[in-house]
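In the numbering used here, the protein residues as written are 10 to 594.
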């Protein structure tokens with residue numbers, strides 16, 4: 010993922026092809042599976058190919074005196090410049106033209122929602138289709154370039170200089186600040202743009218810190234907010250990371266600690282909504298910001314989504330939705346208003362002891378040990394469809410699918426957050442291993458064992474130096490939701506191996522209960538596909554019918570009477586010498 014495996018180029022003048030250059034390149038390492046799937050280039054195909062120190066001088070000679078045109082030129086040229094530096098070759102600094110930037114300047118977003126090379130090739134119906142192989146993509150780029158030039162030919166643009174001037178300009182302030190990026194290493198990690206007072210303006214991750222930061226100063230991103238941020242930036246700090254998982258986790262922690270104004274996502278990780286089962290004689294489902302225990306459904310981005318799921322779960326578990334405070338000696342029912350738009354689903358005239366099995370069934374649904382409520386919901390959808398109440402069935406289907414997906418996601422994350430320690434390894438694509446120590450849903454240590462380095466001593470050193478994590482009485486033990494979700498996705502990636510796992514109190518290890526919502530995940534996927542198909546046919550989001558509506562609990566029933574809160578190289582086993590994993594990253 011960080012070496013050149015193929016170079017392809019086409020030399021064109023006046024629409025005529027003067028020559029072509031194509032060769033595989035031996036990266037002197039195994040090619041990762043995801044690159045094989047994307048390009049079709051295997052390690053066996055490049056084992057007898059020349060290395061980059063042989064190919065690059067030939068390519069530079071072929072391209073001498075020409076303008077380098079590429080789709081997402083900063084990416085391709087960045088690889089070539091890095092290869093030149095690796096081979097001790099002076100980079101000739103040829104003029105560069107990016108067809109991504111040109112397409113964004115020439116085409117409207119209505120005409121071209123995507124400016125990927127394949128999308129532009131389809132838009133212009135070019136003869137050469139891109140295939141993720143170098144020469145094919147170069148030929149397709151030639152066709153796309155000519156099609157874009159045709160669009161601007163009537164605007165007095167006849168030379169390369171005219172065309173480059175037509176692109177979104179780079180301000181003098183951006184050019185002056187390019188030196189900030191040149192101080193960064195060519196390593197993976199996290200970068201932080203800081204303002205005049207040292208405040209964090211923006212946080213991001215990169216495989217190559219220098220190359221990624223340089224893109225902010227060459228006009229690649231035309232968004233006004235980016236230009237504004239670059240104009241304010243005085244310094245760029247960075248944190249080198251062993252691999253992408255560590256970088257992603259550090260980014261999330263830094264976003265939570267600093268809430269940078271120019272980041273849009275993950276700045277406020279505690280602004281989630283949760284559905285919790287209250288701790289009282291007659292428990293009910295309540296929508297809260299900050300639950301004080303781990304038995305919670307969520308997280309939800311919107312309060313309305315949380316309320317809808319709470320209503321659905323209450324309906325099929327039979328827990329009450331009324332907000333009357335009931336003592337242990339009370340009886341449920343007499344205080345419930347009989348003519349609410351949606352009656353309380355709990356049985357009437359029952360004592361706390363008689364109500365307890367209902368509460369236990371709701372708790373078991375959240376924990377994943379009883380899915381009878383989901384089975385009842387699916388059965389009712391089938392019955393509604395059999396009675397030809399299709400709109401009502403479709404709306405209940407969509408609500409049930411959303412609840413299943415949220416329950417399943419929460420149960421997966423809670424299972425990971427319950428583990429005192431899990432050590433995993435992922436192949437790095439070069440014969441080595443990327444290592445991670447996870448404790449209670451948090452990344453406690455990260456390291457790498459390069460090819461020919463025994464990984465287990467590195468694992469032992471990582472475990473000794475890993476961060477001590479103490480869970481809190483909160484959802485996921487107090488871990489950041491997005492951090493635990495990121496770790497779970499990394500663990501589920503192809504090739505990742507579990508090195509060791511210290512199980513939770515029940516000794517089950519990393520496992521989900523037998524009757525968890527995951528049993529219904531396939532059904533929920535089919536339901537979501539059906540909804541998307543209906544929206545495509547109708548051309549608008551599918552909503553509920555005004556004639557066949559299902560009653561919803563009142564606002565007071567859902568939220569109560571009180572206001573809701575407002576808001577790489579050799580092994581690197583020794584983590585204590587590196588920046589510690591804390592709240593600030």
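We put the CB at the ideal spot given by N, CA and C, even for glycine.
The C-beta separation of residue 209 from residue 225 comes to about 15 Å, leaving the pair out of contact by the 8 Å criterion.
Nearest to residue 223 by alpha-carbon distance, out of 206, 205, 204 and 244, is 244. Within its own chain, the residues whose Cβ lies closer than 8 Å to the Cβ of residue 497, once the five positions on either side in sequence are excluded, are 421, 422 and 425, listed in chain order.
Residue 524 sits in coil when the DSSP states are folded into three classes, being neither helix nor strand. Taking 7 Å as the cut-off, the Cβ atoms of residue 526 and residue 416 count as close.
Ranking 159, 168, 167 and 271 by CA distance to the CA of residue 212 puts 271 first.
With 16 or more other Cβ atoms inside 10 Å of its own Cβ, residue 326 counts as buried. Taking 7 Å as the cut-off, the Cβ atoms of residue 110 and residue 176 count as close.
For residue 407, same chain residues with a beta-carbon under 6 Å away, outside a window of 5 residues either side, are 540 in chain order. Between residue 484 and residue 305, the C-beta spacing is below 7 Å. DSSP places residue 71 in the helix class (H, G or I) of the three-state scheme.
Nearest C-alpha to residue 299 among 104, 489, 56 and 529: 489. In this structure, residue 441 places its C-beta atom within 7 Å of the C-beta atom of residue 460. Proximity of the stretch 93-100 to the stretch 56-70 meets the contact definition, three or more beta-carbon pairs being nearer than 8 Å.
Residue 413 is positioned such that its CB atom lies no closer than 7 Å to that of residue 266.
Sixteen is the threshold: when 16 or more other Cβ atoms of the shown chains lie within 10 Å of the Cβ of residue 475, as they do, the residue is buried. Residue 83 holds the alpha-carbon nearest to the alpha-carbon of residue 220 among 127, 341 and 83.
A straight-line Cα-Cα distance of about 60 Å links residue 380 and residue 77. The beta carbons of residue 471 and residue 449 sit about 16 Å from each other, so the pair does not count as a contact at 8 Å. Residue 211 is bridged by DSSP to 202. In the DSSP assignment, residue 95 falls outside any beta strand (DSSP E) and lies within the alpha helix (DSSP H) extending over 82-95.
In this structure, the alpha-carbon of residue 79 lies about 9 Å from that of residue 151. Cβ neighbours of residue 402 within its own chain (closer than 7 Å, five residues either side excluded): 390, 393 and 394. The alpha-carbon of residue 295 is positioned some 52 Å away from that of residue 108. Taking a contact as a CB-CB distance under 8 Å, the pair residue 367 and residue 355 counts as one, their CB atoms being some 7 Å apart.
The shortest CA-to-CA distance from residue 68 to any of 290, 506 and 16 is the one to 16. For the pair residue 376 and residue 369, the Cα-to-Cα distance works out to about 10 Å. Take residue 464, set aside five residues on each side of it, and the residues of its chain with a beta-carbon closer than 6 Å to its own are 442 and 458, in chain order. Taking all protein chains in view, the Cβ of residue 56 is surrounded by fewer than 16 other Cβ atoms within 10 Å, so the residue is classified as exposed. When C-alpha distances from residue 317 are compared across 282, 291 and 334, the shortest belongs to 282. As DSSP reads the structure, residue 17 sits in a beta bridge with 31. Going by DSSP, residue 510 is part of the beta strand (DSSP E) stretching over 506-511. Nearest to residue 363 by alpha-carbon distance, out of 386, 388 and 328, is 328. In its chain, beyond the 5 residues on either side, 33 have a beta carbon closer than 7 Å to the beta carbon of residue 54.
Per DSSP, the beta bridge partners of residue 341 are 359.
Taking every protein chain shown into account, the CB of residue 447 has 16 or more other CB atoms within 10 angstroms, so this residue is buried.
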